[in-house]
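Residue numbers (my numbering): 1 to 490.
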Amino acid sequence: MNKQITNPIFPFGVCIPDGEPHVFNGRVYVYGSHDLLGGKTYCEGNYQVFSAPVDDLTSWSSKGISYDKKEDPLITDKINQMYAPDCVKGNDGRYYLYYCLSGKGASYGYSIPVRVAVSDNPDGPFKFLGFVKNKDGSPYLDYLTFDPAVINDNGTIRLYYGAWFPFFEYHFLKPVLALYSSIYFQRKFKEVWKRKADFMGSIEVELEDDMMTIKGPGKHITPVNPKGTSFEKHHFFEASSIRKFNNKYYFIYSSTQGHELCYAVSDYPDRDFECKGVLISNADIGLDGITKKNKRNYSGNNHGSVEKIGDDYYIFYHKMTHRNWYSRMDCAEKIYMDENGLFKQVEMTSQGLNPTPLSDEGTYGSYICSTLTNNHMPHINPILRNKMPAIMDDGTQYYIQKIKNKTIVGFKYFDFVKDRTISVKVKGSAKGEFIIKDGFDGKEIGRIAINSSKDWTSFNSNLIKVRGKQALFFEFKGRGKLDFLSFEIK
Numbered sequence: 001m002n003k004q005i006t007n008p009i010f011p012f013g014v015c016i017p018d019g020e021p022h023v024f025n026g027r028v029y030v031y032g033s034h035d036l037l038g039g040k041t042y043c044e045g046n047y048q049v050f051s052a053p054v055d056d057l058t059s060w061s062s063k064g065i066s067y068d069k070k071e072d073p074l075i076t077d078k079i080n081q082m083y084a085p086d087c088v089k090g091n092d093g094r095y096y097l098y099y100c101l102s103g104k105g106a107s108y109g110y111s112i113p114v115r116v117a118v119s120d121n122p123d124g125p126f127k128f129l130g131f132v133k134n135k136d137g138s139p140y141l142d143y144l145t146f147d148p149a150v151i152n153d154n155g156t157i158r159l160y161y162g163a164w165f166p167f168f169e170y171h172f173l174k175p176v177l178a179l180y181s182s183i184y185f186q187r188k189f190k191e192v193w194k195r196k197a198d199f200m201g202s203i204e205v206e207l208e209d210d211m212m213t214i215k216g217p218g219k220h221i222t223p224v225n226p227k228g229t230s231f232e233k234h235h236f237f238e239a240s241s242i243r244k245f246n247n248k249y250y251f252i253y254s255s256t257q258g259h260e261l262c263y264a265v266s267d268y269p270d271r272d273f274e275c276k277g278v279l280i281s282n283a284d285i286g287l288d289g290i291t292k293k294n295k296r297n298y299s300g301n302n303h304g305s306v307e308k309i310g311d312d313y314y315i316f317y318h319k320m321t322h323r324n325w326y327s328r329m330d331c332a333e334k335i336y337m338d339e340n341g342l343f344k345q346v347e348m349t350s351q352g353l354n355p356t357p358l359s360d361e362g363t364y365g366s367y368i369c370s371t372l373t374n375n376h377m378p379h380i381n382p383i384l385r386n387k388m389p390a391i392m393d394d395g396t397q398y399y400i401q402k403i404k405n406k407t408i409v410g411f412k413y414f415d416f417v418k419d420r421t422i423s424v425k426v427k428g429s430a431k432g433e434f435i436i437k438d439g440f441d442g443k444e445i446g447r448i449a450i451n452s453s454k455d456w457t458s459f460n461s462n463l464i465k466v467r468g469k470q471a472l473f474f475e476f477k478g479r480g481k482l483d484f485l486s487f488e489i490k
């Protein structure tokens, strides 16, 4: 079998969410945060860059830690998380990494200036350089300095950042909300009160050649009040990312819906952006009649971007595991630009960056599923999360935990060239069967009887007679619960 790649992209134990892909010198590099398996909060690890040749997206590698958080002089026991970074090649040929730190209390980094590190190589090691600052050298803290994105626009360095919260939209009518937001964001009350709703939003500012000093004031690039605009249904929340394709600017961001990456397009880098829709949802909401009520995965925050790699475009994003926000894993899908420069929403798949559907022969981990639902999956929350199936780990491997009656696990896609049998490796108290279908609501193509077992045990299907590009959906029907490790097509 030829070498393949699946989603998630990176090896066991590596949780790289918030992926920003960039092509430098014939390789694509992914810059992201670093979660931990079963982590207790966001972004606890050091930065680790992965890269692959642009002509072989199945071959990812890393040199290890690319930036150690100890490089930053502000790191303490209380401020010790580095959030979503971005990287740009400066006019001097060096590579500059932009990131923000966790703040004090609940402020999530809104009170600290954007940090800058530098390296001679795109994958580091990076060394701390400084922070984004005003012309007088003081920290630049206009608006909410969160989730930086950066672009070298034909020699002009542009920094994008910001965040927006709908429950603060009317704080100018209620001083108590202004007071609350000043505490939450660790900003002075007068600053929040003076700017009112303009305090939040997506911001663009130009930088000097030192890559840290601002040239002038920041500008909003999306409306603070989305009502009556193209952003009304998919308003900016966070996760700024910027790209330039075919002389147009593409602003990619996470919307207030909380599960999707959206995009806006303009002829200008700092104004006139129009929202063009959704790129991807990590619960496939918005596709084929899927809504928040019947989502295909438990949803959570999303962050990523689009990159042109060779002649094709790809969207990088992350999905949730371990029933929390803190063990997110990077995934990617091919996405298509039409003749008008627009993208349509793409579905989550298991094959991801693989250039063809996956082989109809081999063993596949259950964690590569693109669908995992008990038909009432929530947006991640601490109350409901323990009741749902989820991707977990035992220290050496991933598996799906707590599959019960009517749970559906789906995988897309495979290329069937001959009749096959499928065996699943499971354990638990369950007794019943897996119904194998060719889609979520597809036709039955096989069955696997399941009995209870304390250890990982394989159970086999009847002969599967399908051809061509196929999805595989396993729906459990029975009693008890089971854990699902892998399946083998043979």
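Beta carbons: idealized from backbone N, C-alpha and C, even for Gly. Since the model is a prediction, treat every value here as computed from it, not as a measurement.
According to DSSP, M329 shares a beta bridge with K319.
According to DSSP, S366 shares a beta bridge with no other residue. Three or more Cβ pairs closer than 8 Å define a contact, and the stretch 121-134 falls short of that threshold against the stretch 241-249. L179 sits in a helix when the DSSP states are folded into three classes. The way I'd put it, the stretch 73-88 doesn't touch the stretch 50-59; fewer than three beta-carbon pairs between them come closer than 8 Å.
Spatial neighbours of S102 in its own chain (CB-CB distance under 6 Å, excluding positions within 5 residues in sequence) are listed in chain order as I79, Q81 and G109.
Counting along the chain, the unbroken beta strand (DSSP E) around W456 starts and ends at S453 to N460. Sequence-distant partners of F189 (beyond 5 residues in either direction) whose C-beta falls short of 7 Å from its own C-beta, in its chain, are A178, L179 and S182.
Pairing G428 with L482 gives a Cβ-Cβ distance under 8 Å. Beta-carbon to beta-carbon, N7 and I368 are separated by about 6 Å, close enough to satisfy the 8 Å threshold. According to the DSSP secondary-structure assignment, C100 is paired through a beta bridge with no residue. V176 counts as exposed, since fewer than 16 other C-beta atoms from the protein chains shown sit within 10 angstroms of its C-beta. In the DSSP secondary-structure assignment, C262 is bridged to Y253 and V278. Contact annotation: K490 and T421 have beta-carbon atoms nearer than 8 Å. For the pair F126 and R115, the Cα-to-Cα distance works out to about 12 Å. In this structure, G300 lies near H259, with their beta-carbon atoms less than 8 Å apart. For V132, the three-state secondary structure derived from DSSP is coil. Take P389, set aside five residues on each side of it, and the residues of its chain with a beta-carbon closer than 7 Å to its own are L372, N374, I400, Q401, K402, I403 and T407, in chain order. DSSP places R158 in the uninterrupted beta strand (DSSP E) bounded by T156 to A163.
Exposure of A449 is indicated by the presence of fewer than 16 other C-beta atoms within 10 angstroms of its C-beta. Among the bridge pairs identified by DSSP, S62 is matched with F50.
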